[in-house]
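Structure first, then comments.
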Amino acid sequence: MKKSILVLSILISFSVSGIFAQTDTINFSDYKLPDLKRQSLDFVYNFDNYYNNTNYSDTLTENNVNKLFQINSNFKASYSLYKNTRKYQGRQYGNINNKNYFLKNTFTPDSISEISGNKSASFSNSIILNSFNKFYFKEKYFFGANLNIGTNLYKYSYKKNDTLQNINKSNLITVSPELSIGKGRIEPVTDYVHSIYIIKNLEKENRLTEKISNEQLIRLTKLISEIKNKRFFDSRIKTIYELEKVDSFLQAEHLISEKDARYFTTLNDNWEYAGNQYRNHGYYMKFYILPRLTINNISYKNLNDTNTNTRKIILGETGITLNSYKNINLYWQRYFSVKLATSINKTLSYSDSTNFNETGKKIFALANLGYSWYPNTRTNFIFSVNTGYGPTLYNEIIPDIQTNKDNTFFINLYLTSYYYVSPRFRITVNCNSNYNYYSRSIDSFTQNKINFYFSAGIQYSLF
Numbered sequence: 137m138k139k140s141i142l143v144l145s146i147l148i149s150f151s152v153s154g155i156f157a158q159t160d161t162i163n164f165s166d167y168k169l170p171d172l173k174r175q176s177l178d179f180v181y182n183f184d185n186y187y188n189n190t191n192y193s194d195t196l197t198e199n200n201v202n203k204l205f206q207i208n209s210n211f212k213a214s215y216s217l218y219k220n221t222r223k224y225q226g227r228q229y230g231n232i233n234n235k236n237y238f239l240k241n242t243f244t245p246d247s248i249s250e251i252s253g254n255k256s257a258s259f260s261n262s263i264i265l266n267s268f269n270k271f272y273f274k275e276k277y278f279f280g281a282n283l284n285i286g287t288n289l290y291k292y293s294y295k296k297n298d299t300l301q302n303i304n305k306s307n308l309i310t311v312s313p314e315l316s317i318g319k320g321r322i323e324p325v326t327d328y329v330h331s332i333y334i335i336k337n338l339e340k341e342n343r344l345t346e347k348i349s350n351e352q353l354i355r356l357t358k359l360i361s362e363i364k365n366k367r368f369f370d371s372r373i374k375t376i377y378e379l380e381k382v383d384s385f386l387q388a389e390h391l392i393s394e395k396d397a398r399y400f401t402t403l404n405d406n407w408e409y410a411g412n413q414y415r416n417h418g419y420y421m422k423f424y425i426l427p428r429l430t431i432n433n434i435s436y437k438n439l440n441d442t443n444t445n446t447r448k449i450i451l452g453e454t455g456i457t458l459n460s461y462k463n464i465n466l467y468w469q470r471y472f473s474v475k476l477a478t479s480i481n482k483t484l485s486y487s488d489s490t491n492f493n494e495t496g497k498k499i500f501a502l503a504n505l506g507y508s509w510y511p512n513t514r515t516n517f518i519f520s521v522n523t524g525y526g527p528t529l530y531n532e533i534i535p536d537i538q539t540n541k542d543n544t545f546f547i548n549l550y551l552t553s554y555y556y557v558s559p560r561f562r563i564t565v566n567c568n569s570n571y572n573y574y575s576r577s578i579d580s581f582t583q584n585k586i587n588f589y590f591s592a593g594i595q596y597s598l599f
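This is how it looks when you write it as structure tokens:
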């Protein structure tokens, strides 16, 4: 395991060395996302029904009837809120999901007394609530308060010839609040890159009267950020509105030399494709405390038996995390994160036959380093490597009174690419490789596992 720790240390040291360096050409720190607030509330309902009635006869029987009736329904409601100011960054999200299923299948032979069939039904209700908040009390210092709540209720029943065969029930709830204090801020700069591409390509087509100033570029970017966060229910109307606003700004600043078809097609092309690169800039470091409670109640009932099981998992985690994004230039972005933490967990399991109690303490370290290359508005190469190491300091299992220590180490390599060679020729590549090591002392078990996945595609149009 010394080699595992060495790999993790080298990765962290290599990445930290340049985290706070300035970009080479474009100063991405100049752009600050303006005050924004965007919220949405959506409802979706789907319903489908299937019915089949089959009559058939053979040499032995007549008027055999088989009927199948099925209903599916799904209801979703989701709410999202995004807000950004100089003193606050936050996202709120809520989702309610209801799924229902019913199936009835009956068979009626020529003798009415022999009717047989089965019925099955299920329903699932889930609620997800997520809240992520940073409150800045100084320019770079913040308090963090996050909350994640998830619930799921599930029931399935099956009857055969009107006799109940089995019922499965599951009730799950997870509550996870987090408090943190830290320094730093990650600024979304996707719109800044978008505005640079627009100006750069208009200049390439000789449609600019003069070089745009840095102040004008910042104002154009803020305009783009504002209009992108305006809610529309028709994508066509949204695009028209956005292009009109950008065009009006460029004309009001007297930046356009010629307003012709090439100008509009260049503007439209860059508006559609140049803003699809997910870019951030900056860093933050925080110390956090994260308690979590999970309760899962499962019951199973059939003709002969009934079983219930309740499991409670109580987790307390605390640690330090660092996240950093650096745009090296217009075409390159680097991402780095590291996490050092310790956790204490307690698992209580109760069933009709046995009780189970487990207490453990772990420390772990995680690191992730990634590079993104965007040679043009349609091409991307994304590479990342992440690794982690986590030994168990103490683990006790009751009622057997056993003590176990385990070690986990992993390293993953990931590459994805979409290469727009020409309008006729495109290439896609996806590659993923990972190594996992696991050992435990309770039975001297050791496992080494290597996985590799690769896929590639070529699209070429002759005419």
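The working numbering applies: residue 137 is where the sequence shown begins, and numbers increase by one. The C-beta atom is built at its ideal place from N, Cα and C for all residues, glycine as well.
Asked	Found
Output the distance between the C-alpha atoms of Ser393 and Thr345, rounded to the nearest integer angstrom.	5 Å
Rounded to the nearest angstrom, what separates Asn587 and Asn522 at their Cα positions?	15 Å
Per DSSP, Ser349 forms a beta bridge with which residues?	Per DSSP, none; premise fails for Ser349.
Does the region 210-225 come close enough to the region 186-195 to have 3 or more Cβ pairs within less than 8 Å?	no
Could you give the first and the last residue of the continuous alpha helix (DSSP H) run that contains Leu386?	Ser371 to Ala388
Once you ignore the five residues that flank Ile169 on each side, which residues in its own chain have a CB closer than 7 Å to its CB?	According to the sequence provided, residue 169 is Leu. The question's Ile does not apply to it. Excluding residues within five positions, the ones whose Cβ falls inside 7 Å are Asn220, Glu323, Pro324 and Ser361.
Sort out for me which residues DSSP pairs Asn304 with in a bridge.	Tyr292 and Tyr436
Within its chain, find whatever has a CB closer than 6 Å to the CB of Thr582; leave out the 5 residues flanking it on each side and keep chain order.	Ser575
Would Ile232 pass as a contact of Phe205 if the rule is Cβ separation under 9 Å?	no
How big is the Cα-Cα spacing for Lys305 and Tyr436?	7 Å
What first and last residue would you give for the alpha helix (DSSP H) that runs through Asp650?	One cannot answer for residue 650 here, as it falls past the ends of the chain, which runs 137 to 599.
So Asn307 and Leu289 are supposed to be a Cβ contact under 8 Å. How far apart are they, rounded?	6 Å
Mind checking whether Ile354 and Lys381 have CB atoms under 9 Å apart?	no
Could you say which of Leu476, Asn481 and Asn459 lies nearest to Gln450 if we only look at CA atoms?	The sequence given here places Ile at residue 450; Gln does not occur at that position. When only C-alpha atoms are compared, the closest one is Asn481.
In three-state terms, what does DSSP make of Glu323?	strand
Can you tell me whether Phe183 is buried or exposed? The criterion is at least 16 other CB atoms within 10 Å of its CB, across all chains shown.	exposed
Give the range of the beta strand (DSSP E) segment to which Tyr187 is assigned.	Leu172 to Tyr192
Let's test the definition: count the other Cβ atoms within 10 Å of the Cβ of Asp327 and tell me whether it reaches 16, buried, or not, exposed.	buried
Tell me which residues share the same chain as Gly154 and place their Cβ nearer than 6 Å to its Cβ, disregarding the 5 neighbours each side in the sequence.	Per-residue confidence for Gly154 stands at a pLDDT of 42, beneath the threshold of 50, marking its modelled position as unreliable; no derived number is given.
According to the Cβ coordinates, are Phe519 and Leu484 closer than 9 Å?	no
Within its chain, find whatever has a CB closer than 6 Å to the CB of Asn504; leave out the 5 residues flanking it on each side and keep chain order.	Ser473 and Asn522
Taking the beta carbon of Asp160 as the centre, do at least 16 other beta carbons fall within 10 Å, making it buried, or is it exposed?	With a pLDDT of only 38 at Asp160, under 50, the local geometry of the prediction cannot be trusted, and the value read off the model is given with reservation. With fewer than 16 other Cβ atoms within 10 Å, it is exposed.
Grab me the residues of Asn433's own chain with a C-beta within less than 6 Å of its C-beta, minus the 5 sequence neighbours each way, in chain order.	Asn307 and Thr446
Runs of 3 residues minimum, wholly inside the region 238-290: which ones carry the beta strand (DSSP E) assignment?	252-272
Can you tell me which of the three DSSP states Leu391 falls into?	coil
According to DSSP, is Ser597 helix, strand or coil?	coil
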